[in-house]
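These notes concern the structure reproduced below.
Shown next, in the form of structure tokens:
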């Protein structure tokens with residue numbers, strides 16, 4: 001690429017300057033100081049990139065304006081720089097391009113440093129090694145693209161390395177630095193997860209355990225149920241043991257009572273069976289006859305009573321008959337067979353009333369007579385007595401008594417009157433005593449004397465009346481005696497009929513008659529009674545016969561013998577029968593009790609389901625009672641039962657405990673299984689892992705970014721140094737060798753790139769480890785060599801500007817340099833800005849193809865070598 | 001003429017494995033996330049019933065090694081029982097996550113579940129209406145790793161019916177851990193009509209005829225498993241021609257969203273927040289639209305927001321990157337509490353860099369940039385360099401390539417991640433070296 005034409009309308013010192021047909025090889029612009037060489041250098045330096053606004057370039061008169069025609073790969077481009085704006089580039093077809101495209105996208109700094117370095121900048125080269133930043137950059141640029149930035153690399157690399165270290169340590173171990181908390185979180189969560197994963201194993205295990213425990217529980221429960229049943233049965237047995245014992249005893253007794261059927265073999269069991277059969281027969285007999293027996297039993301007392309009554313009646317009748325006989329005999333001792341005599345007497349012939357009338361009349365008369373006779377006698381004696389009484393009565397007359405009393409009163413009055421005169425109290429008193437005596441005497445004697453007188457008079461009157469009455473009674477007595485004789489004749493007739501002999505029959509005929517009559521009635525009655533009694537006996541005999549039948553029937557089933565009484569009197573017979581019957585009833589009662597108690601027990605056993613089941617379980621085929629009996633048979637005594645019960649109770653307790661502990665275990669297992677099957681532990685663990693992992697990943701990324709920066713930077717640096725060594729320094733050392741006339745033979749970068757230094761080796765093998773050890777000239781040679789090497793490397797070629805940069809070279813070296821530049825110019829458009837005529841002269845000697853421009857006060861003029869040398873020489 | 005059949009091919013279900021939502025808190029989505037795996041499986045069952053398929057084949061990793069729980073076993077049991085009632089068979093091989101699966105089943109499975117032996121290749125014959133309609137060949141993993149090639153023994157007696165082969169493999173000859181076979185080896189087994197593969201979590205058609213497919217996981221579990229997940233519904237006609245169709249079933253999908261700030265003119269973080277909200281609501285709109293057209297709805301989208309590009313905001317971001325990431329995340333999530341959003345923000349990642357005014361120019365002009373670019377390309381492509389870089393990244397990045405074999409505290413850098421990181425690094429370097437104006 002090269003500038004074909006250049007039009008500078010306004011830039012610093014330049015004003016409407018045209019440079020046309022600029023050589024595409026070497027362009028020498030000669031000018032004295034302040035002619036505008038540096039301005040031109042700046043112009044070319046900024047033209048592709050635009051102008052800086054930092055006063056580093058000379059001001060414009062009006063506005064910066066430059067036009068350039070460029071050719072690149074046979075294509076022409078127009079570049080216009082207007083003011084501070086970026087340059088515009090148009091091709092022939094007015095298509096827009098960028099300057100950067102034309103300038104190989106070379107960065108501004110590199111372009112400036114490599115292609116348009118100024119003298120000033122070169123003069124500071126020695127400072128490079130002293131570590132000034134700006135110079136370091138130059139060094140980098142010289143070494144190649146990006147070397148300026150590369151100097152920052154170690155520092156930067158360190159920065160990112162330490163950033164990374166803070167995040168993840170040196171090795172990026174997940175367990176250190178800022179990774180650590182998340183790492184720990186993950187580890188913890190993993191532990192949790194691993195535990196959770198074991199849950200499946202545990203689940204299976206617990207389930208297995210549960211199955212086993214449940215099976216065991218089932219067995220225990222069955223065992224327990226069995227034991228409980230047995231225990232229950234034993235308890236039942238214990239409570240009913242004595243009862244059973246008694247029942248069994250009764251059974252044995254009954255068996256004994258029962259007549260077993262005839263048994264020929266002596267086998268014990270068949271004997272037993274035999275007994276059983278006998279008992280069963282007996283029982284069934286009782287069953288069929290029980291009503292009868294009961295009736296008999298109920299009737300027994302009645303029957304006995306009847307028999308007793310009968311007997312009593314019989315005795316009574318006999319006694320009565322005897323008594324009658326005796327009475328008869330006493331009534332009439334002449335009778336040998338009184339009862340027959342009695343039967344002969346016809347008592348109907350005598351009218352009892354008539355007899356009685358006669359007897360009454362007789363007696364009346366007799367008593368009337370007697371009475372009258374006694375009355376007469378009584379009257380006689382009374383009269384006598386009265387006479388005596390009259391003689392006995394002596395009495396004082398009442399007149400006499402009255403007289404005596406008057407005398408005494410008179411005495412008293414005298415006395416009293418005497419007292420009036422004689423004033424003496426004692427006389428008064430004496431009068432009073434006289435008066436009182438008179439009163440007492442009168443009252444005690446006068447009355448009795450009057451009564452005595454009246455009585456004597458009365459008695460005399462009575463005696464008179466009694467003598468009269470005595471006379472009437474004697475007359476009445478005579479009439480009665482006549483009537484009496486008549487009645488006595490009738491009565492004598494009657495006595496004859498009645499068989500009474502003797503004179504005094506009158507005394508008893510009536511009672512005799514009644515006696516006979518009475519006896520006859522009695523006798524008749526007895527006879528009736530006797531007949532009745534005989535009827536009764538018949539009945540009784542029938543009853544007894546029935547009883548006898550029953551007993552005879554029973555005898556077939558019983559082993560005991562009954563006294564079949566036939567020819568006995570009723571009583572004896574009945575007694576024998578009853579005795580037998582009682583025995584039978586005893587057996588029956590026994591059997592009844594036996595059956596009742598047995599059935600009570602059976603009922604008890606059957607009525608409780610629990611009992612029934614328990615027994616049924618023991619032996620399904622037998623009925624509960626038989627089972628119970630056989631259970632009973634297992635024990636010799638109640639003590640044995642109790643012992644067994646105790647054993648069972650212990651076993652029961654043991655199994656109960658086992659059951660409850662198993663149940664507990666099962667509950668625990670079930671809970672655990674529930675917990676396990678709904679456990680969300682694993683999800684939680686996963687979430688935790690996820691969370692921590694996400695955080696850790698961020699850190700890891702950050703670590704990776706920092707480490708990558710570090711890595712890339714380190715790589716970049718070594719890569720570029722390598723490249724520089726190979727592509728740049730090798731040709732550069734060749735150039736340097738040529739410039740220095742083979743004084744310096746080798747050029748290397750410093751081992752320590754940070755020092756931004758070169759190592760130079762002379763042909764004698766002398767090694768300069770730093771450019772600081774070189775002279776300014778040598779230094780400039782070195783950098784020129786490096787620069788040219790760099791420039792050669794950049795393709796396509798770009799225009800190069802050299803601003804008196806060769807000023808410190810000695811002549812021979814300058815010549816060598818000019819040669820090299822001329823060679824380079826075959827590929828590059830090179831602007832040499834110089835005020836040194838000898839440089840122009842060297843160039844003219846080396847090449848004919850150079851173009852020469854004179855620059856004078858901002859004005860360009862195409863010139864030639866001689867004119868220019870001349871111009872500069874002066 | 002064989003019987004026409006219809007079946008579903010699925011794999012890598014990883015039942016009960018949690019979705020990586022980057023949160024321990026309770027939030028609206030928690031339930032959706034924790035149910036997602038089950039929901040996806042229920043969708044699968046629903047699909048099977050509604051499509052009246054003959055059977056379902058599961059090509060390994062029904063369970064997750066690290067999330068094996070009684071709950072998950074019970075869940076599968078219930079589903080299998082339901083399918084049994086519907087007359088749908090299930091053929092399962094166990095993969096590296098659930099080797100010798102049937103022995104580890106907690107519950108006794110119903111008769112419609114057929115587990116393949118881990119000892120040898122088994123052939124199950126599927127009879128439809130009394131006639132042989134398909135053969136299913138398969139072999140389970142014996143252990144976590146399976147170096148047997150297995151495919152050799154996948155030999156069907158004839159081609160009279162549709163032969164389906166179940167194989168859990170990474171389909172890589174170099175991978176000795178997960179049945180080292182390659183495609184051509186599979187294709188060499190001429191009697192097989194359909195290779196039902198499992199292990200890779202991304203749906204892939206490996207070959208058309210005979211069909212070789214990876215259905216991908218049924219429900220993605222982390223941000224590295226992006227996009228729709230589902231099953232392959234296969235219809236086979238009486239001429240044994242098959243037609244495969246991918247059906248998305250996962251209720252939750254993962255997606256990384258990039259937000260490039262390069263072209264945005266943002267002055268402060270608030271503007272950035274607005275931009276994020278806009279971006280997310282757009283995304284949400286898209287999902288709602290998608291939901292309208294599909295039976296199995298997306299209930300949530302877990303997204304990682306990567307904010308990148310050179311931006312003026314980098315000045316604010318640079319020093320408080322992590323705090324800012326956290327703040328933005330929290331702020332966004334807290335806003336969601338009140339909204340019936342479909343988007344759950346998994347994380348915010350800043351990968352921004354300083355804005356450079358003359359970046360393009362610098363890039364163009366500075367040969368160093370080219371050098372850096374070349375170097376990065378070289379690092380990415382040159383194996384030795386690549387290894388060197390990864391060594392620099394330290395132990396934390398030495399995780400196994402296979403996520404299933406990777407420790408939780410280590411990571412693996414795939415090509416894309418390396419590129420991302422190097423891009424970040426490049427930006428930093430460019431800023432530091434070239435962009436430095438002095």
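Chains as they are written, first to last, in the UniProt record's numbering: chain A, 1 to 874; chain B, 1 to 438. Using N, Cα and C, we set each Cβ at its ideal position, and we do this for glycine too.
Just tell me which of the options has its CA closest to the CA of residue i.
i	options	result
residue 875/A	489/A, 721/A, 710/A	Residue 875/A is absent from the structure shown; chain A starts at 1 and stops at 874.
residue 450/B	113/B, 76/B, 396/B	Because chain B is modelled from 1 through 438, residue 450/B falls outside the range shown and cannot be assessed.
residue 414/A	545/A, 62/A, 429/A, 340/A	429/A
residue 677/A	7/A, 201/A, 87/A	201/A
residue 314/B	342/B, 266/B, 295/B, 331/B	266/B
residue 370/B	792/A, 841/A, 104/A	104/A
residue 217/A	318/A, 658/A, 681/A	658/A
Going by the CB atoms, is the gap between residue j and residue i shorter than 7 Å?
i	j	result
residue 557/A	residue 232/A	no
residue 24/B	residue 693/A	no
residue 2/A	residue 799/A	yes
residue 169/A	residue 157/A	no
residue 153/A	residue 713/A	yes
residue 312/A	residue 523/A	no
residue 252/B	residue 305/B	no
residue 431/A	residue 409/A	no
residue 69/A	residue 21/A	no
residue 224/B	residue 234/B	no
residue 803/A	residue 833/A	yes
residue 107/B	residue 62/B	no
Identify the continuous beta strand (DSSP E) that holds residue i and give its terminal residues.
i	result
residue 235/B	230–236
residue 71/A	65–72
residue 556/A	No beta strand (DSSP E) contains residue 556/A, which DSSP labels as neither H nor E.
residue 105/A	It is not in any beta strand (DSSP E) - residue 105/A carries neither H nor E in the DSSP assignment.
residue 859/A	859–863
So the alpha helix (DSSP H) residue i belongs to, where does it begin and stop?
i	result
residue 636/A	Taken as a continuous stretch (DSSP letters only), residue 636/A belongs to no alpha helix (DSSP H), as it is neither H nor E.
residue 588/A	570–607
residue 732/A	730–739
residue 200/A	180–257
How would you list, in chain order, the residues of chain A whose beta-carbon sits under 9 Å from the beta-carbon of residue i?
i	result
residue 394/B	164, 168, 169, 170, 171, 172, 173, 174, 700, 703, 704, 707
If the cut is a Cβ gap below 7 Å, which residues of chain B does residue i touch?
i	result
residue 824/A	None at all; the shortest Cβ gap to chain B is about 20 Å.
residue 713/A	429
residue 193/A	66
residue 696/A	409
List the residues of chain A that residue i touches, going by C-beta distances under 8 Å, in chain order.
i	result
residue 24/B	687, 688, 691
Who are the neighbours of residue i on chain B, taking C-beta pairs under 8 Å?
i	result
residue 199/A	69, 70
residue 196/A	69
Per DSSP, which residues does residue i bridge with? Please list them.
i	result
residue 481/A	Per DSSP, none; premise fails for residue 481/A.
residue 226/B	254/B
residue 242/B	236/B
residue 76/A	71/A
residue 347/B	304/B
residue 162/B	134/B
Could you work out which residues of chain E lie near residue i, taking near to mean beta carbons separated by less than 7 Å?
i	result
residue 183/A	No chain E is present in this structure, whose protein chains are A and B.
Run down chain A in chain order and give the residues with a C-beta less than 7 Å from the C-beta of residue i.
i	result
residue 375/B	712, 715, 716, 719
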